[in-house]
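The next block holds one structure in the form of structure tokens; read it before the comments.
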């Protein structure tokens, strides 16, 4: 892609998200979301592969539907209240519609069906942008308007997302689909605690971005898109294999890795709020997710490629990918648990 075009698209992505962050007016927020969607569409379709074009079409249709619902619901709210301000959400129908539309935008269950299909059709770097950056603007809107939403609805969305994210990833052989289900599960963790401690939602989002960035960049460096290909990575770069396995365990939320921190604090907060049953279901759903991360770790570290998989061993070619972003995100995805008290002081 032409560097000028790429720079324009990436700056538009930044502009759309910033516009939504800065707005307290529904029309401005909607405009930011639209700029965001329109900026990523050319990035998704840049390879002109039929699957990429199909994924782009699916993504555009779902995002356009969600944007239309947001516009309709905010207009309905403005009709009843007389103002476009986000803080004044007194119409229950409009509030429920906005939550449904924003859930569709970030891929919360049961509005998650587009997410694995779209991610599967993209290359790994565009998939990384879709899994991290594209979640920021809708989540900012959900956090801003959280007090207006029905607590039961938020809890139901959170529980369903963690369960669907766990169950959906169990039977997958495609790494991008596994990461899509992982994204759905993590979104569930963020939404479940939103009404009690929004700062924990923010913390979970930041750790999720670190871990997902490390996972995607590792796969990009090793050119792996299927589970079978992972078994051949160890012969090419043993150190990368070891760190990749740890990053996957961090995504699963195992101590003493960074991924344990948000899960631990969210479960603690749910228990404080007198919701032991919800906390138990969330912990059990995390165990389901952990199973498929462990499956990937097993394939990477405990199988010998020529005997167990049919894919050919990759050539040891020199990579052109910058290794600094991968190194930084891997370090943050593995080693931030000891400084949990400091982080809690910063986010509260």
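Numbering (UniProt numbering), first residue to last: 1 to 348. Each residue gets a CB set at the ideal place from its N, CA and C atoms; glycine is no exception. Since the model is a prediction, treat every value here as computed from it, not as a measurement.
Query                                                                                                                                                                                   : Result
Whose C-beta lies closer than 6 Å to the C-beta of residue 30 among residues of the same chain, with five residues either side of it excluded?                                          : 70, 71
Write down the C-beta distance between residue 146 and residue 21 rounded to the nearest angstrom, noting that I regard them as a contact closer than 8 Å.                              : That belief does not hold up - the Cβ atoms of residue 146 and residue 21 are roughly 15 Å apart, past 8 Å.
Do residue 166 and residue 288 have their CB atoms nearer than 8 Å?                                                                                                                     : yes
With a Cβ-Cβ cutoff of 8 Å, do residue 175 and residue 245 count as a contact?                                                                                                          : no
Ends of the alpha helix (DSSP H) at residue 36?                                                                                                                                         : 26 to 44
Can you check which of these residues, 84, 37, 250, is closest to residue 329 by C-alpha distance?                                                                                      : 250
Buried or exposed: where does residue 186 fall if 16 or more other Cβ atoms within 10 Å of its Cβ makes it buried?                                                                      : buried
Please confirm whether residue 80 has its beta-carbon closer than 8 Å to some beta-carbon of chain B.                                                                                   : The structure shown contains no chain B; it holds only a single protein chain.
What is the DSSP secondary structure of residue 134, reduced to helix, strand or coil?                                                                                                  : helix
Can you give me the start and stop residues for the alpha helix (DSSP H) that residue 234 sits inside?                                                                                  : 233 to 236
Mapping the DSSP letters down to three states, classify residue 172 as helix, strand or coil.                                                                                           : coil
Report yes if the CB atom of residue 124 is closer than 8 Å to the CB atom of residue 220, and no otherwise.                                                                            : yes
Nearest by alpha-carbon distance to residue 229: which of 209, 285, 344, 300 is it?                                                                                                     : 300
Report the rounded CA-to-CA distance for residue 254 versus residue 260, giving the unit in angstroms.                                                                                  : 5 Å
How would you call residue 112, buried or exposed, if buried means at least 16 neighbouring beta carbons within 10 angstroms?                                                           : buried
Which residues does DSSP list as the beta-bridge partners of residue 177?                                                                                                               : Note: residue 177 sits in no beta bridge, so no partner.
Provide the residue span of the alpha helix (DSSP H) that contains residue 77, from first to last.                                                                                      : 50 to 81
Residue 36 to residue 67, Cα distance in whole Å?                                                                                                                                       : 11 Å
According to DSSP, what are the bridge partners of residue 226?                                                                                                                         : 174
Label residue 138 either buried or exposed according to how many other C-beta atoms from any shown protein chain fall within 10 Å of its C-beta, with 16 as the threshold for buried.   : buried
Go ahead and label residue 193 buried or exposed: buried means 16 or more other beta carbons lie within 10 angstroms of its beta carbon, across all protein chains shown.               : buried
Does the stretch 197 to 204 come into contact with the stretch 340 to 348, if we say contact requires no fewer than three beta-carbon pairs (one atom in each stretch) closer than 8 Å? : yes
Let's see if you can read the secondary structure: which residues bound the alpha helix (DSSP H) around residue 98?                                                                     : 92 to 106
DSSP puts residue 85 in a beta bridge; with which residues?                                                                                                                             : 25
Look at residue 89 and residue 148 and say whether their C-beta atoms are less than 8 Å apart.                                                                                          : yes
Since residue 281 is in the alpha helix (DSSP H), which residue starts that stretch and which ends it?                                                                                  : 276 to 302
Just how far apart, CA to CA, sit residue 143 and residue 180?                                                                                                                          : 22 Å
Pull up the CB-CB distance for residue 64 and residue 94, whole angstroms please, since I reckon it's below 8 Å.                                                                        : Their Cβ separation, rounded to whole angstroms, is 19 Å, which puts residue 64 and residue 94 out of contact at 8 Å.
Output the boundary residues of the alpha helix (DSSP H) element that contains residue 340.                                                                                             : 340 to 347
Using the C-alpha atoms, what's the distance from residue 151 back to residue 275?                                                                                                      : 13 Å
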